[in-house]
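In this text, residue positions in the sequence shown follow our numbering: the first is 22, and each later residue adds one.
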Amino acid sequence: MRPAFVDCHSHVVPSGDDGAPSVEAGIALCQEAARHGTEILFATPHVWPHLTLTSSREAAIRESYASMRDHVGLELRLGWELTPTPDLLKEDPRRYVVEGTELVLMEVPFIGAADDLVALAELTDSAGLRPVIAHPERTEAVLDRPALADELAERGWLLQVNATSLLGRHGEDSADVGWDLLEREVATIVGSDGHRPSRPPHLDEAYSLVVRRFGEDRALPWFDGSALGVTPSRTASRAASRGV
Ligand SMILES: [Fe+2]
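Written out as structure tokens, the structure is:
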């Protein structure tokens, strides 16, 4: 039986970024995710250097989120995806906690060095929170020097690989690094990073591939929220019925 998926990374709440352009489009993406087995979906609007989280933007996002959450067929939670910048180092990382967790999602910049990421993750760590590092396999810093991913993981930071990388949709190099990070258990989470119908918030296809390669027991923790400390209610009720 397919597990209930927990997806910690998506852009389904409209926020002015490159994700869902409207509440209606966001609801449709969430309903698609639910049909594909996701039970808890974290909406993580981008916080970019050129699109920061001003108070007016945050209020608009929270309003959209509140209007969506009862109409999506899954548990929708709100977080953020930080692109590391020196300015973010002046802020309290608690502002960006992913709802219901002690986690802060941040990406390795696609181009250039990872110095700002390391500094932001250290700041997050020092605030008693845990960094989740998004899609290292898609970034120049890790593709040039894959050992960087190991160094981040060795610090206790959670590494999240994109489902689409495993499916080969971001090129052969990202696929190879993504699979290697799973094989060696350097990465602990697979997320969709879903943005739009052509890049949807689905995990089921990647889950099938991961099961085929590594077996169900190894595959499950990458997809079921356990690495995040988040348990979908269907999983909880199954465990209760087994007396676990
Ligand atoms: Fe993202």
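Where a beta carbon is used, it is the ideal one built from N, C-alpha and C, also for glycine. Owing to the predicted nature of the structure, the values given are computational and were not obtained by experimental measurement.
Quiz item: So which residues put a beta carbon under 7 angstroms from any heavy atom of ligand 1, going in chain order?
Solution: Taking every residue with its beta carbon within less than 7 angstroms of a heavy atom belonging to ligand 1 gives, in chain order, H30, H32, T65, H67, E102, E128, A155, D214.
Quiz item: Relative to the C-alpha of G58, which residue among S31, H30, P24, T75 is closest?
Solution: Looking from the CA of G58, the closest CA among S31, H30, P24, T75 belongs to P24.
Exercise. Mind the definition here: the stretch 194-206 touches the stretch 143-152 only if three or more C-beta pairs lie below 8 angstroms; say whether that holds.
Key: Judged by Cβ distances under 8 angstroms, the stretch 194-206 makes no contact with the stretch 143-152, as fewer than three pairs qualify.
Practice problem: Quick one: give me the first and last residue of the beta strand (DSSP E) that F244 is part of. | Solution: That residue, F244, is in no beta strand (DSSP E); its alpha helix (DSSP H) goes 237-244.
Self-check item: Buried or exposed (CB count within 10 angstroms, at least 16 for buried), D136
Solution: So D136 ends up on the exposed side.
Quiz item: How would you call D238, buried or exposed, if buried means at least 16 neighbouring beta carbons within 10 angstroms?
Solution: Classified as exposed, D238 has fewer than 16 neighbouring CB atoms from the shown chains inside 10 Å of its CB.
Exercise. Give the DSSP-derived three-state secondary structure of S88 in the structure shown.
Key: Taken through DSSP and simplified to helix, strand or coil, S88 comes out as helix.
Practice problem: Compute the Euclidean distance between the alpha carbons of G100 and G212, then round it to the nearest angstrom. | Solution: When only Cα atoms are considered, G100 and G212 end up about 14 angstroms apart.
Quiz item: At which residue ranges does the stretch 67-142 contain complete beta strand (DSSP E) runs of 3 or more residues, listed in the order of the chain?
Solution: The stretch 67-142 contains these whole beta strand (DSSP E) runs: 96-99, 124-128.
Quiz item: In the DSSP assignment, what residue or residues form a beta bridge with Q181?
Solution: Per DSSP, A155, I210.
Quiz item: Should H30 go down as buried or exposed, given a rule of 16 or more other Cβ atoms within 10 Å for buried?
Solution: So H30 ends up on the buried side.
Quiz item: Apart from the five residues on each side of it in sequence, which residues of its chain come closer than 6 angstroms, Cβ to Cβ, to H92?
Solution: For H92, same chain residues with a beta-carbon under 6 angstroms away, outside a window of 5 residues either side, are I48 in chain order.
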